[in-house]
Every structure is written in C-alpha cells, then in structure tokens.
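Below you'll find the structure, written out as structure tokens, and then a few comments.
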Amino acid sequence: LVSSPGSGKTTFLEKTLTQLRSDGARAAALVGDLATDNDARRLANSGAPVKQIVTVGMCHLEAEMITAHLADWDIEAFDYLFIENVGNLVCPSGYDLGESLRVVLLSVTEGEDKPLKYPPMFHSSDVAIITKIDIAAAVEFDVAAARASILAVSPEIQIFEVSAKTGQGMDAWYAFLAERREQMAAR
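So the sequence shown is numbered by this note's numbering: it starts at 60 and just counts up by one.
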C-alpha cells in the first residue's frame, strides 16, 4: 500500500485486516514509517501479526528491509501479507518490494490531479483506491475528474471508491482481494 501521508492508509489497512481475520483469513502486515511504531500499535488492534519497519529518515521501504523483517515469520502461514509503505508518492514508486499487487491510495482531500502530478506512482500500481469518499461532496472533490486523471496515467488500473470509516465500497474491495487470492492460489 502506497500513498501520501494522511490519505487514510492505516485506517484502510486496519479495517481490511480486521475484516479478513473475521472471515477466517490469515493476514499480517509490515508497516514502514520514518519514526515511531504508532501505526503498528494501531494495526495490532485488528488481531493480525504486525511488525513496524522504522526507516530512520529513508523515504521508502526496500526489499532488503522486507526480507529482514520477515525472517522469523513463516510467510506460508499467511493468506495475505500487506506492506504499508512510507507515506510518499515519489520515492516508493521506483522500488520493487516483491509485492504481487501494488495499491495506491488517493484521498478526496488531496485533489483530483495527484495522479497527473505523480504519474510514476499511479503508473506502477495495479489498483487505485479513492479514500474518504464519504466526505467527497463536503470537500468539493470531483470523483469523475479523479477517475479520469488516474486512467490517463494508467488505463488498465482497477479503481475502488471507499470509506473505511463508514464501510462504503469496502465490500467490493474485500471481494476483489478474495478473487485475487483465488487466482494466485490457482497458479
């Protein structure tokens, strides 16, 4: 998961982990931040195994960091492993973490043009999640313009509109994850 700071990435992940675990899925998360373990402590409320990666000033995670933090986990024991990257739309776009799916989040409070301003991040992602959709009208966010900006950069990207707070659109996200998991298991 990649996004700007404040996009709702941690709340979205907390809700996702909680739902997956309540559905019987085995989910875990690695969380990257410059400092503090605030997000890891918050995500632990989901009941999922969580580890914090403190980058000490680095603006992104690197594959070696992921490998080091997975060393004492049996990753085969998980159905889903989420990596929440450092909040940044620039640096993480150039680093392959071995993820099978890159998900970029765009909050309605950020503006419709972020995909055009930061095209590498949206171009390198498989899925775009427009977050905080429940307040789109209040902040005069043009959903159609945002979708057009995303698709202009990445025409094949899958787009979801969600509110982790109200649950709007989250069921479609969960269904997508389950379908994607089934496809990967069939390989």
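Don't be surprised by glycine CBs; every beta carbon is placed ideally from N, CA and C.
Per the coordinates, the alpha-carbon of Leu-76 lies some 14 Å from the alpha-carbon of Lys-224. Contact check between the region 182 to 189 and the region 125 to 137: fewer than three CB pairs, one atom from each, fall below 8 Å, which does not count as touching. When C-alpha distances from Ala-103 are compared across Leu-72, Val-115, Phe-219, the shortest belongs to Leu-72. Membership of Phe-235 in the alpha helix (DSSP H) is indicated by the continuous run 229 to 245. Taking a 10 Å sphere around the C-beta of Arg-100, we find fewer than 16 other C-beta atoms and assign the residue as exposed. Separation of the CB atoms of Val-167 and Ile-194 is rounded to 6 Å, and the pair is thereby assigned contact status at 8 Å. Residues Cys-118 of the same chain have their beta carbon placed closer than 6 Å to that of Asn-147, with the five preceding and five following residues left out of the count. Bridge pairing for Glu-220: Ile-189 [DSSP]. Rounded to whole angstroms, the gap between the alpha carbons of Ala-211 and Tyr-177 is 12 Å.
Runs of the alpha helix (DSSP H) lying entirely within the region 67 to 152 and spanning at least 4 residues, in chain order: 68 to 81, 97 to 102, 122 to 129. In the assembly as shown, Ala-204 is an exposed residue. Its beta-carbon has fewer than 16 other beta-carbons within 10 Å. With respect to the 9 Å criterion, Asn-144 and Gly-91 are classified as neighbours on the basis of their beta carbons. A Cβ-Cβ contact shorter than 9 Å links Ile-192 with Gln-227. When DSSP states are grouped into helix, strand and coil, Leu-210 belongs to the helix group. Burial of Asp-98 is indicated by the presence of at least 16 other C-beta atoms within 10 angstroms of its C-beta.
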